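All residue numbers for the sequence shown refer to this note's numbering, where the first residue is 1103 and numbers rise by one. In what follows, a single structure is set out as structure tokens and then discussed.
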Amino acid sequence: MSDGSSTPIDIEYWSERLAVFAGRHGVPGAQLGIVRTSGPDRPAARVEAAHGVLDVATGHAVDTGSVFQIGSITKVWTTTVVMGLVEEGLLSLDTSVAEAVPEAFPDDPGRAAPITVGRLLDHTSGIDGDLFTDTGRGDDALERYVGTLAEAATIHPPGAGFSYCNSGFVLLGRIIEKATGLTWDEAMRERLFAPLGLTRAGTLPEEAIPHGAAMGHVRGYPDPERAPVWGLPRSMGPAGGVTANAGDLLRFAEAHLRGGRTDSGERILSEETVEMMTRSRVRLPDPHTLGDSWGLGWIRYGWDGRRLVGHDGNTIGQSAFLRLLPDAGIAVALLTNGGRARDLYQELYGEVFERVARIRVPAPPAPDHDPEDLSEEDRASVSEVYENTSQRLEVLGRDGARRGLRVIDLGALGGVDPDPVEEHPLAPIDEGRYVFRAKDRRTWTPVTFHTLATGERHLHLGGRAVPEAGGA
């Protein structure tokens, strides 16, 4: 069977499908981009579609030039700049934080020594990852943020486990600043945006405004409600601060599909480095929430016997999705500003990859039947407690049974969450694995109980390893 790599990509069809799925899932506005790079018997093709409104309060329409927050997809952009510095010999994957940014843990150099650039890039540093400390709008925002990390908890010993870490990418941003003498924002413009010929990508709100910027919506189904704030603090830029349209996101992806070359033939990375970024460095305890393994910056996915890489991004009411299928030269980008964005992604990408690449996107895990509602006795019985800086997770149930999960938001962004305390019945999938379904969503969320080789018990939720807090 043909893999669809020579089939024309029909813009009218995908515009229609984007509108159908976005309407079904209450997504106010969205962009979809599909690109297929040229190759033997494979003509180049690119389509971009837009749907809906940037802001339900203004009704301004989304067009293909509008910009969205790409959220944590930014991490792969930051990684690309870091790997350029590695190629130049200014850093290595084994460079330690103690050497590169000694001010990060000034009173505990022993803690900083085993945290390396490589461990920051693959989320095995052990640093508590969701510290959204706002250190102002000045050019010293990252420097000031790094000065607060001495207070960050250690989730696990460096290299002993995986836990998704925003804080580590802010640290990488500061490493970029010290290696280049530029702010992270300037380094992104000079080392990535300009060589790629990106016309709309930016890192600051004032760079997004002229292009028509999407507003996030924190309640998206059935009635979208605009977010109380627009974006993340400047200090979180390297972890999630890029704004772009689908076209610019595809140009970034194309450079990786071409082995590090831009449209014009300029090289931003060597082919060897691009390939290295996609190799597996750590397998994930939960293979369903993000991917089955992690490379350098990239998440790795195994779909229908094929290997993909990509990343997702979530900010305040905005969600973004990027997937690359290197063996077919295909990339797909989706940008949204609210609603049931993951449900939209699941349905839309399932159809895109079936028709364009002839591969099946695996369905997320789901139980045989819905779990029973939690009783008052279950709600009053807390059998296990897991906690980090941003959330407290209480396992509910009597007689040793894990019947429910109470999620309590403790983070600095808790004030924008419409439901800071949620309770969910749990459904078992297999040993140590459960799922729940959040309110108004169709897709189930995995919950994985995991014990490190060093003995520490964690609950993995949303890619985060949340350590046990000593029981009820």
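No residue lacks a Cβ here, since even glycine has one placed at the ideal position from N, Cα and C. None of these values were measured; they are calculated from a predicted model.
Return the CA-CA distance between residue i and residue j, expressed in angstroms with no decimal places.
i	j	result
Leu1437	Asp1501	44 Å
Pro1548	Pro1330	28 Å
Gly1343	His1471	40 Å
Ile1278	Arg1246	15 Å
Gly1517	Ala1254	Any reading at Gly1517 must be qualified, since the residue scores a pLDDT of 49, below 50, and its modelled position is unreliable; the value itself is stated next. Spanning the two alpha carbons is a distance of roughly 21 Å.
Ala1159	Thr1301	27 Å
Ser1485	Val1219	38 Å
Arg1221	Thr1553	20 Å
Val1149	Tyr1115	10 Å
Arg1481	Pro1297	55 Å
Asp1511	Ser1372	42 Å
Leu1386	Gly1397	11 Å
Pro1530	Val1537	7 Å
Gly1228	Pro1464	30 Å
Thr1550	Asp1542	22 Å
Arg1239	Ile1461	45 Å
Pro1211	Arg1444	41 Å
Asp1196	Ser1483	46 Å
Pro1259	Ser1194	21 Å
Pro1466	Phe1423	16 Å
Glu1201	Arg1213	12 Å
Ala1152	Gly1349	11 Å
Asp1112	Pro1428	21 Å
Gly1415	Ile1175	5 Å
Val1272	Asp1224	14 Å
Gly1261	Asp1157	42 Å
Arg1505	Ser1477	9 Å
Asn1490	Asp1230	7 Å
Quick check on residue i: buried or exposed, where buried means 16 or more other Cβ atoms within 10 Å of its Cβ?
i	result
His1526	buried
Val1188	buried
Ala1146	exposed
Pro1324	exposed
Ser1265	buried
Ser1492	buried
Gly1173	buried
Ala1163	exposed
Glu1496	buried
Asp1532	exposed
Leu1561	buried
Ile1311	exposed
Ala1440	Reading off the sequence, residue 1440 comes out as Gly, not Ala. Per the 10 Å Cβ criterion, buried.
Gly1135	buried
Gly1125	exposed
Select from the options the residue whose C-alpha is nearest the C-alpha of residue i.
i	options	result
Gly1131	Gly1419, Thr1391, Ser1372, Gln1448	Gly1419
Glu1118	Arg1381, Gly1249, Leu1450, Gly1361	Leu1450
Val1454	Ala1435, Pro1469, Arg1444, Asn1439	Ala1435
Gly1270	Thr1226, Leu1298, Thr1282	Thr1226
Leu1233	Thr1256, Gly1212, Pro1211, Arg1221	Thr1256
Pro1208	Ala1121, Thr1250, Gly1299	Thr1250
Gln1171	Gly1304, Trp1286, Ala1214, Ala1281	Gly1304
Arg1321	Pro1110, Val1537, Asp1521, Gly1565	Asp1521
Leu1306	Val1169, Ser1395, Gly1393, Gly1191	Val1169
Asp1475	Asp1350, Leu1507, Leu1410	Leu1507
Trp1546	Ala1468, Ala1262, Arg1457	Ala1468
Tyr1403	His1313, Ser1382, Val1203	Ser1382
Asp1411	Ala1163, Asp1394, Phe1264, Arg1462	Sequence check: residue 1411 is Val here, not Asp. The option with the nearest alpha carbon to Val1411 is Asp1394.
Glu1327	Arg1408, Gly1161, Leu1193	Gly1161
Arg1494	Leu1426, Pro1466, Glu1570	Glu1570
Leu1294	Gly1212, Arg1363, Thr1380, Pro1389	Arg1363
Gly1154	Arg1138, Val1129, Ile1136	Val1129
Arg1442	Leu1284, Arg1291, Ser1421, Asp1406	Ser1421
Asp1241	Leu1192, Thr1139, Glu1288	Glu1288
Cys1267	Leu1352, Ser1140, Met1338	Met1338
Ala1459	Ser1477, Asn1439, Asp1406, Arg1504	Asp1406
Asn1347	Ser1140, Gly1564, Leu1563, Asp1165	Asp1165
Gln1133	Gly1333, Thr1556, Ala1121	Ala1121
Leu1286	Gly1167, Ala1243, Ala1252, Asn1490	The displayed chain sequence assigns Trp, not Leu, to residue 1286. The option with the nearest alpha carbon to Trp1286 is Ala1243.
Thr1391	Pro1204, Gly1564, Arg1126	Gly1564
Met1378	Val1487, Met1290, Ile1401	Ile1401
Glu1558	Thr1380, Val1523, Gly1275, Tyr1488	Tyr1488
Arg1408	Leu1426, Val1523, Pro1216	Leu1426
Thr1556	Leu1192, Gly1263, Val1376	Gly1263
Glu1308	Gly1333, Glu1292, Leu1284	Gly1333
Stretch-stretch touch, CB-based, cutoff 8 Å, three pairs: the segment 1178 to 1197 with the segment 1313 to 1320: no
In chain order, each beta strand (DSSP E) run of at least 3 residues that lies wholly inside the segment 1474 to 1506: 1484 to 1489, 1493 to 1498
Completely contained beta strand (DSSP E) runs for the segment 1142 to 1227, where each covers 3 or more residues: 1147 to 1154
Segment contact flag, the segment 1426 to 1433 with the segment 1350 to 1361, C-beta cutoff 8 Å, min 3 pairs: yes
Any beta strand (DSSP E) of 3 or more consecutive residues that is wholly inside the segment 1380 to 1444: 1401 to 1405, 1408 to 1416, 1421 to 1427, 1432 to 1438
Any alpha helix (DSSP H) of 4 or more consecutive residues that is wholly inside the segment 1266 to 1291: 1268 to 1282, 1286 to 1290
Contiguous alpha helix (DSSP H) assignments of at least 4 residues, all confined to the segment 1513 to 1553: none
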